[in-house]
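These notes are about the structure you will find just below.
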Amino acid sequence: MKKTAKRLGLAMLMLMIGLTGFAQVKSDYSKEADFSKIRTYSFAGWQQESGDVINEIDQKRIQNAIAAELEKWGLGYKEDNADAVVTLFAVVDTKTSRSSYTNFNGGYGYRGRWGWGAMPLTATTQYTEYDYRVGTLVIDMYDNNEKELIWQGVISSTVKENPKNREKRIQRRVAKLFKQIPIEVVK
C-alpha cells in the first residue's frame, strides 16, 4: 500500500513538472496601487533590445496571450488614455550544463594463473557539457495617471527551438503568471 501511494505521488509530481515545463513565474505589485480603478489597458510596446532576441511572430503571440488574460480580469483594450500601460522586455541568456558519470568496474572472480580472488578496481568518468538558452520575459504594468509601476511579472524558461506547440506554451505560461495579479476577476 505504501509503495502504491509513493508511486502515485511520484507520478503526480512528474505530471505537474511536465505540465509546467520548468517555467519559473514571479510577480510583485505595489501595495499602494488601487487596482479597482483600472478598467482599461494599452500596450506601450517592446523594449528595443527585445527585437534582437524574439521574432515578431512570437512577440504577437505573447501580446495576444497577455491581452486574453487581461480581458479575463475584466480589463478592456484602449489605444489611448488607458488606465494602465503594459510594457514588455525579453532577454535570452546562454547557459552551460555540466554533468559527470562515473562507472566502477571490478569485483571477484577467476584470474587465470592467479586463481580466484579480487579483481582490480577501475573507474572511468565521462563528462558531458551542453549549452542551452534561457529566455526571460518581463511584463510591467504602469498606472497611466500616476506614471508609477504597479505590477511586474517575470517568466523564465528554457527556450525550445522547435516552434511546434510554442503558442500553447506561451499561453500556458502567461496564464500561470497572471494568476498572481491582484485584480479581482469580473464575472
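FYI, in mature numbering (1 follows the signal peptide of the UniProt record, and there is no 0) the residues of the sequence shown are -23 to -1, 1 to 164. All C-beta atoms, glycine included, are put in the ideal place defined by N, C-alpha and C. This one's a predicted model, so the numbers in the text were calculated from it and none came from an experiment.
Query - Cβ-based neighbour list, F66, same chain, cut-off 6 Å, excluding 5 preceding and 5 following - result: For the purposes of this step, residue 66 is identified with residue 89 of the sequence shown, where counting begins at 1. Within the same chain, F66 has close Cβ partners Q24, S27, V115.
Query raised in the report: Anyone know if the C-beta pair for Y107 and S77 falls short of 8 Å?
Result: Start at 1 with the first residue of the sequence shown, and residue 107 comes out as number 130. Start at 1 with the first residue of the sequence shown, and residue 77 comes out as number 100. Between Y107 and S77, the gap from beta carbon to beta carbon reaches 8 Å or more.
Report task. Return helix, strand or coil for Q1, following the three-state DSSP convention. Result -> For the purposes of this step, residue 1 is identified with residue 24 of the sequence shown, where counting begins at 1. Three-state result, Q1: strand.
Requested in this report: Compare the C-alpha of A154 against each of G83, E46, L52 and name the closest.
Outcome: For the purposes of this step, residue 154 is taken as the residue at position 177 of the sequence shown. For the sequence presented, residue 154 should be read as Leu rather than Ala. Nearest in C-alpha terms to L154, of all of G83, E46, L52, is E46.
Query raised in the report: How long is the line joining the alpha carbons of T71 and A95, rounded to whole angstroms?
Result: Looking up residue 71 in the sequence shown gives position 94. Looking up residue 95 in the sequence shown gives position 118. In a straight line, the C-alpha of T71 is about 47 Å away from that of A95.
Query raised in the report: If you count every other CB in all the chains shown that lies within 10 Å of the CB of R75, and 16 or more means buried, which is it?
Result: Within the sequence shown, residue 75 is the residue found at index 98, counting from 1. Only exposed fits R75, as fewer than 16 other CB atoms lie within 10 angstroms of its CB.
Query - Assigned secondary structure, S134 (DSSP; H/G/I helix, E/B strand, else coil) - result: Locating residue 134 in the sequence shown gives position 157, counting from the first residue. S134: strand per DSSP, three-state reduction.
**Report entry** Cβ-heavy atom distance, V151 to the ligand MN, below 7 Å
**Finding:** The ligand MN is not among the ligands present in this structure, which contains no ligands whatsoever.
Query raised in the report: Quick one: is I34 buried, meaning 16 or more other Cβ sit within 10 Å of its Cβ, or exposed?
Result: Position 57 of the sequence shown, counting from 1, holds the residue named residue 34. In this structure I34 is exposed. Its beta-carbon is surrounded by fewer than 16 other beta-carbon atoms within 10 angstroms.
Report task. Give the single residue among D57, W93, E48 whose Cα lies nearest to the Cα of A152. Result -> Along the sequence shown, read from residue 1 onward, the residue named residue 152 stands at position 175. Nearest option by C-alpha distance: E48.
**Report entry** Residues of its chain near Y87, where Cβ-Cβ distance is below 7 Å and the 5 sequence neighbours each way are ignored
**Finding:** Within the sequence shown, residue 87 is the residue found at index 110, counting from 1. Excluding residues within five positions, the ones whose Cβ falls inside 7 Å are W93.
Query raised in the report: For G51, which of R16, V131, D29, R38 has the nearest alpha-carbon?
Result: The residue labelled residue 51 in the question sits at position 74 within the sequence shown. Among R16, V131, D29, R38, the Cα nearest to that of G51 belongs to R16.
Query - Simplified DSSP state of N41, which is helix, strand or coil - result: For the purposes of this step, residue 41 is taken as residue 64 along the sequence shown, with counting starting at 1. In the structure shown, N41 sits in a helix (DSSP, three-state: H, G or I).
Query raised in the report: Around the Cβ of S13, are there at least 16 other Cβ atoms within 10 angstroms (buried) or fewer (exposed)?
Result: The count along the sequence shown starts at 1 and reaches residue 13 at position 36. The Cβ neighbour count for S13, taken over all protein chains shown within 10 Å, is under 16; the residue is labelled exposed.
Query - Pair within 8 Å by beta-carbon distance, Q157 and G130 - result: Residue numbering aside, residue 157 sits at position 180 when the sequence shown is read from its first letter. Residue numbering aside, residue 130 sits at position 153 when the sequence shown is read from its first letter. Cβ atoms of Q157 and G130: closer than 8 Å.
Query - Runs of beta strand (DSSP E) lying entirely within the segment 90 to 153, each at least 3 residues, in chain order - result: Here the runs fully enclosed are 93 to 120, 125 to 135.
Requested in this report: Measure how close the beta-carbons of V30 and V62 come, nearest whole angstrom, since I'm counting them as under 8 Å.
Outcome: Counted from its first residue, the sequence shown places residue 30 at position 53. Counted from its first residue, the sequence shown places residue 62 at position 85. With 8 Å as the limit, V30 and V62 do not qualify as a contact, their Cβ atoms being about 22 Å apart.
Requested in this report: Could you check how far apart the C-beta atoms of S19 and A59 are, in whole angstroms? I think they sit under 8 Å.
Outcome: Within the sequence shown, residue 19 is the residue found at index 42, counting from 1. Within the sequence shown, residue 59 is the residue found at index 82, counting from 1. Yes, S19 and A59 are in contact; Cβ-Cβ is about 4 Å, under 8 Å.
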